[in-house]
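Going by my numbering, the sequence shown opens with residue 7, and the numbers climb by one from there.
Just so it is clear, CB atoms sit at the ideal spot from N, CA and C, and this is done for glycine as well.
Have a look at the structure below, then the notes.
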Amino acid sequence: MLLEVTAEKDGTLELLENRRTKMTAIRSAEARAKGLPEPTDPSRHTSVQDPTAPLHFSAPDLDGKMVSDTDARFRNKVVIVAIGGSWCPNCHDEAPFLVELYKKYHARGLEIVDLSFEEGDQLRNPTRLRAFIQEYEIPYTVLLAGETGQLHEKLPQAVNLNAWPTTFFVGRDGLVKSVHAGFAAPASGEFHDELKADVDRLVEGLLADVAEK
């Protein structure tokens, strides 16, 4: 994507996406004064069709071994299912935070699965994804989920799934408890700090739930 941004004299920003789509950005206070709708709440943007049904996934790891949500390693665990790709800049922002969460909570029952959607050549030889894993020293499960165009085919339970990354928080019962679209990078300042605090509280709460026998 090419995004050209021009600062206007009235304080707005004119944005041109891929030299075709024009948009205007204005300050939050001015938008509210004009009665414009609030930005989409990232915690409400994506959902699942049936919250009473488990979130299913199945894909090979980088060694070709199939991994599924029904595997024993995920039973009675809190599972973060991160949808992303090694090509996605915001996924690079999110990876260190996921590593931090995994190290902090894995011993208490947290698992993380990265469903990585890549271009066809990278699926055949995932050199960039291997470099991604090495760069961030990722200790959790990373799977080759498919090509980006297969997102909805691979996760048919998701509703309005169109942000990279999108993160599903699954309770010990296998059900989706929360979904977060996008990731507030460290450069976003207080938004990043708020998101980290919110996720910590969410994971703590899910881990506190008693596992089924």
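### Per DSSP, cross-strand counterpart(s) of Phe175
As DSSP reads the structure, Phe175 sits in a beta bridge with Ile86 and Ser184.
### Message
What does the alpha-carbon distance come out to for the pair Leu213 and Glu117?
### Response
Cα-Cα distance, rounded: 11 Å.
### Query
If Val165 and Ser53 are in contact, beta carbons under 8 Å, what's the gap, nearest whole angstrom?
Contact flag correct, Cβ pair sits at about 5 Å.
### Query
What's the call for Thr76, buried or exposed, on a 16-neighbour Cβ count within 10 Å?
Around the Cβ of Thr76, a 10 Å sphere holds fewer than 16 other Cβ atoms; the residue is exposed.
### Paired residues, beta bridge with Asp120 - DSSP
DSSP output for Asp120 lists Ala88 and Val148 as bridge partner(s).
### Query
Between which two residues does the alpha helix (DSSP H) harbouring Thr76 extend?
Taken as a continuous stretch (DSSP letters only), Thr76 belongs to no alpha helix (DSSP H), as it is neither H nor E.
#### Entry: Span of the beta strand (DSSP E), counted from its first residue to its last, around Pro66
For Pro66, the enclosing beta strand (DSSP E) has its first and last residue at Ser64 to Pro66.
### Query
With a cut-off of 8 Å, do at least 3 Cβ pairs link the segment 121–130 to the segment 81–99?
Flag = yes, the segment 121–130 and the segment 81–99 touch.
### Message
Based on DSSP bridge pairs, tell me the residues matched to Ala203.
### Response
Paired residues: none, contrary to the question.
### Query
The beta strand (DSSP E) with Leu21 in it runs from where to where?
From DSSP, the beta strand (DSSP E) with Leu21 extends over Leu19 to Glu23.
### Message
Quick check on the burial criterion: 16 or more other C-beta atoms within 10 angstroms. Buried or exposed for Thr12?
### Response
Answer is exposed; the Cβ neighbour count stays below 16.
### Nearest-angstrom Cβ-Cβ length linking Leu150 and Leu68, presumed shorter than 8 Å
The beta-carbon distance between Leu150 and Leu68, rounded to whole angstroms, is 7 Å. This is short enough to meet the 8 Å contact definition.
### Task
Give a yes or no on whether the C-beta atoms belonging to Phe175 and Leu208 are separated by under 9 Å.
One thing to note: Phe175 has its Cβ within 9 Å of the Cβ of Leu208.
### Query
Considering only residues of the same chain and omitting the five flanking positions on each side of Asp199, which have a CB-CB separation below 7 Å?
Closer than 7 Å at the Cβ level, and outside the excluded window around Asp199, lies no residue.
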